[in-house]
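Below is one structure, written out as structure tokens, with a few remarks after it.
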Amino acid sequence: MDSFVAELRKIPPVTRFLCASSLGITIPVLMNMVSPYKTLYVRDLVFKKLEIWRLFTSFFLGSGGINYIFELVMLYRTTDQLESGPYAQRSADLAYQLLFASASIIALTTPLSAFIFTRPLLLCLTYLSSALAPLGAQTSLMGLITFPVAYLPYMMIGMDLLMAGPGAAAQAVAGAVVGHFWWWGIWGGGPGAQGVLAPYGRAPTWMRTLVGEGALPPPPPGAAVGGAGVAGGVHVIPPRRTVDVARSSGRGSGSSGYNWGNGQTLGSS
0 MDSFVAELRK IPPVTRFLCA SSLGITIPVL MNMVSPYKTL YVRDLVFKKL EIWRLFTSFF
60 LGSGGINYIF ELVMLYRTTD QLESGPYAQR SADLAYQLLF ASASIIALTT PLSAFIFTRP
120 LLLCLTYLSS ALAPLGAQTS LMGLITFPVA YLPYMMIGMD LLMAGPGAAA QAVAGAVVGH
180 FWWWGIWGGG PGAQGVLAPY GRAPTWMRTL VGEGALPPPP PGAAVGGAGV AGGVHVIPPR
240 RTVDVARSSG RGSGSSGYNW GNGQTLGSS
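Under numbering that gives the first Met the number 0, the residues of the sequence shown are numbered 0 to 268, in order.
See the structure below:
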């Protein structure tokens, strides 16, 4: 038991919280322990009867069956890539910015009469992760089709269109739009840049305490801290430059930049 808990603690805090929330809300609903209606976002119930928990539960109710396994794996991998890469040691900033992204998803999907925001949230995180991936990063669809990771959000929107219809695809598009503005507003639309909203993306003290990071030390002059509100942004080294940088520094090719791996295979754990 202790070893299992130790392994769980190795998962970054935001990733652990999102996945635990998904399991904690979806499994009771699938086992008929909780009515799914109690977890849906209904605006009148939230703002008139103050059933505030719906603002939270509506983001984590999975679709059930094999589709839920796919959603959970994608949620884990995508958030872990962000939290171990561009947001390494900045989990509080990721959590803080995720609050604004979630509010934006609710606002954008309100005209669509959305009651569940699980897919828009997943598309938002996937878009951000794909946009921050290094040039040349690849992913695959069930190990059959390999394509640039930048196309992954559009592939997921297409899958929602085919499997659930235009309404689901429209909600997925709303999530991708929020992810795009997150990327543009915080990261400036590309590596090494700084978005206009970056100064507002730094987590306050209460969020850092909640995540367990404590006070943020002041960055050294000219340091690049991705999306944290000072000059910088994520700095990644495209694959074609890795060898040259490694040679100039006298190190192996695996020691520079963030190791994004060979991409991820959709539909497999």
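Backbone N, C-alpha and C define an ideal beta-carbon position, used for all residues, glycine too.
None of these values were measured; they are calculated from a predicted model.
Extent of the continuous beta strand (DSSP E) run through Thr-138
DSSP places Thr-138 inside the beta strand (DSSP E), whose first and last residues are 137-140.
Less than 7 Å between C-beta atoms, sequence neighbours within five positions excluded: which residues of the same chain meet that for Leu-196?
Here the set comprises Gly-184, Ile-185.
Comparing the C-beta of Pro-85 with each C-beta of chain C, is any distance below 8 Å?
Absent from the structure is chain C; it holds one protein chain and no more.
If you reduce the DSSP assignment to three classes, tell me which class Ile-144 lands in.
strand
In whole angstroms, what is the alpha-carbon distance linking Ala-175 and Thr-125?
One Cα belongs to Ala-175, the other to Thr-125, and the distance between them is close to 8 Å.
Residue burial classification, Val-224 (beta-carbon count within 10 angstroms, cutoff 16)
Caution applies to Val-224, whose pLDDT of 44 falls short of 50 and renders its modelled position unreliable; the value that the coordinates give is listed next. Buried, since its Cβ has 16 or more Cβ neighbours within 10 Å.
Compute the Euclidean distance between the alpha carbons of Leu-29 and Pro-35, then round it to the nearest angstrom.
9 Å
Would a C-beta distance cut-off of 8 Å place Ala-91 and Ala-19 closer than the cut-off?
No. Outside cutoff.
Gln-170 - containing alpha helix (DSSP H), residue span
165-186
Exposure label - Gln-88; buried when at least 16 CB within 10 Å
Exposed, because fewer than 16 other Cβ atoms sit within 10 Å of the Cβ of Gln-88.
For Arg-53, count neighbouring Cβ atoms within 10 angstroms of its own Cβ and tell me buried if that reaches 16, exposed if not.
buried
Just the Cα atoms here: how many angstroms apart are Thr-145 and Gln-137?
7 Å
My guess is that Gly-64 and Leu-71 are in contact by the Cβ rule of under 8 Å, so how many angstroms apart are they, rounded?
Actually they do not touch by this definition, with Cβ atoms about 12 Å apart.
Cβ distance (whole Å) where Pro-12 is taken to contact Gly-211 below 8 Å
6 Å
Met-30 - containing alpha helix (DSSP H), residue span
No alpha helix (DSSP H) holds Met-30; DSSP gives it neither H nor E.
Is it buried or exposed, Thr-56, if we count other Cβ atoms within 10 angstroms and call 16 or more buried?
buried
Taking 8 Å as the limit between beta carbons, can you name the residues of its chain near Thr-109, skipping five residues before and five after?
Arg-42
Who are the Cβ neighbours of Ile-51 in its own chain at under 8 Å, not counting the five residues just before and after it?
Val-45
For Leu-111 and Gly-166, the rounded distance between their alpha carbons:
7 Å
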